[in-house]
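Number of protein chains: 2
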Amino acid sequence: MQIGMLSRRTGVSVRMLRYYEEEGLITPARRASGYRDYGADDEAIVTAIRMLSEAGLKLDFIRRFLPCLRSDGPILHPCPDLLSAMEEEMRTLDERIGKYRESRSMLGSYYEEMRAHA
Amino acid sequence: MQIGMLSRRTGVSVRMLRYYEEEGLITPARRASGYRDYGADDEAIVTAIRMLSEAGLKLDFIRRFLPCLRSDGPILHPCPDLLSAMEEEMRTLDERIGKYRESRSMLGSYYEEMRAHA
DNA sequence: CTAAACTCTGACAGCGATGTGAGGGTCAAG
DNA sequence: CTTGACCCTCACATCGCTGTCAGAGTTTAG
């Protein structure tokens, strides 16, 4: 599958697909022409990357976490530092979610108050 | 109150306090010397800005939302476009929270799985 | 008066994720 | 063969936030 197709299927820009490769997240095969040739499972991987990325995880971290995402993957090899990195990441994620909810409710209550006074 | 003091009290860097001013979020008085002179309520405002900011809201939006934060404020004047901007913001905030939770649980389940296989 | 600790402005740097454009191949259909 | 749609690499630009450094004035304590 060519990059344009993958882009259309995942909604991720061509630019970003190339960037993901540059960052070592995906490594598509190459044709003789130099064209990237993506496999079928790459679609799922890109989607997962996207999701994690949109949730604020740095590509840097996602790269390390990546082996877990590969369907063909060798059942996950929990390098201990990955485990602790994940704990760390989960903590900050929890914190972040907390802050978002706080802000959300703050916004919400102000909104209600404003509507009431309108 | 000088900028350094406010910085220490709020945990917001001096740089950022100046930046907030530059962006029109706060407007401290000035001494003859040019030194910024913050009022007592500025501390609360900065804290609120910080919270909203850490929750991913752009300063641009926070500025518009700001009158609501001032304790002395004239009870909130709901310009209709602010109301709809808030609705919009709340929606995206909700979406974002959703994504974060998804990612969080994704991370969590992989984490558990890895621990189990360890 | 002097020194230490603050403060001022202004500007440049960096981060991570993206866009965009230039200059140039590739491929499939007509 | 030509054309249009793709693709390649490289590199510079942008965005929002933040740090940092330089050069210079201010304030307070000794």
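Same order as they appear, the protein sequences are chains Y and G.
Positions in the first sequence are counted from 1; adding 910 to them yields our numbering.
Positions in the second sequence are counted from 1; adding 910 to them yields our numbering.
All residues carry an ideal CB built from backbone N, CA and C; glycine is no exception.
For a cutoff of 8 Å on Cβ pairs, would you count residue i as touching chain Y?
i: residue 951(G); result: no
i: residue 965(G); result: yes
i: residue 996(G); result: yes
i: residue 1020(G); result: yes
i: residue 1000(G); result: yes
For residue i, count neighbouring C-beta atoms within 10 Å of its own C-beta (all shown protein chains included) and say buried if the count is 16 or more, exposed if not.
i: residue 939(Y); result: exposed
i: residue 917(G); result: buried
i: residue 1026(G); result: exposed
i: residue 952(G); result: buried
i: residue 1021(Y); result: buried
i: residue 943(Y); result: exposed
i: residue 950(Y); result: exposed
i: residue 996(G); result: buried
i: residue 1005(Y); result: exposed
i: residue 925(Y); result: exposed
i: residue 1002(Y); result: exposed
i: residue 920(Y); result: buried
Cβ atoms of residue j and residue i: under 8 Å apart, would you say?
i: residue 963(Y); j: residue 972(Y); result: yes
i: residue 930(G); j: residue 959(G); result: yes
i: residue 967(Y); j: residue 935(Y); result: no
i: residue 1012(Y); j: residue 961(G); result: yes
i: residue 1014(Y); j: residue 992(Y); result: no
i: residue 913(Y); j: residue 941(Y); result: no
i: residue 1017(Y); j: residue 1000(G); result: yes
i: residue 948(G); j: residue 1010(Y); result: no
What in chain Y is Cβ-close to residue i, meaning under 8 Å?
i: residue 1010(G); result: 965, 966, 1003, 1006, 1007 and 1010
Could you confirm whether any beta carbon from chain G is found closer than 8 Å to the beta carbon of residue i?
i: residue 935(Y); result: no
How would you list, in chain order, the residues of chain Y whose beta-carbon sits under 9 Å from the beta-carbon of residue i?
i: residue 961(G); result: 1009, 1012, 1013 and 1016
Given the structure, does residue i come close to the ligand MN, in the sense that its CB is under 7 Å from one of the ligand's heavy atoms?
i: residue 923(G); result: Ligands displayed in this structure: none; no statement on the ligand MN is therefore possible.
Open item on the list: So within the stretch 951-975 of chain G, which uninterrupted alpha helix (DSSP H) runs reach at least 4 residues, ignoring any that extend past its ends?
Closed with: 951-964 and 969-975
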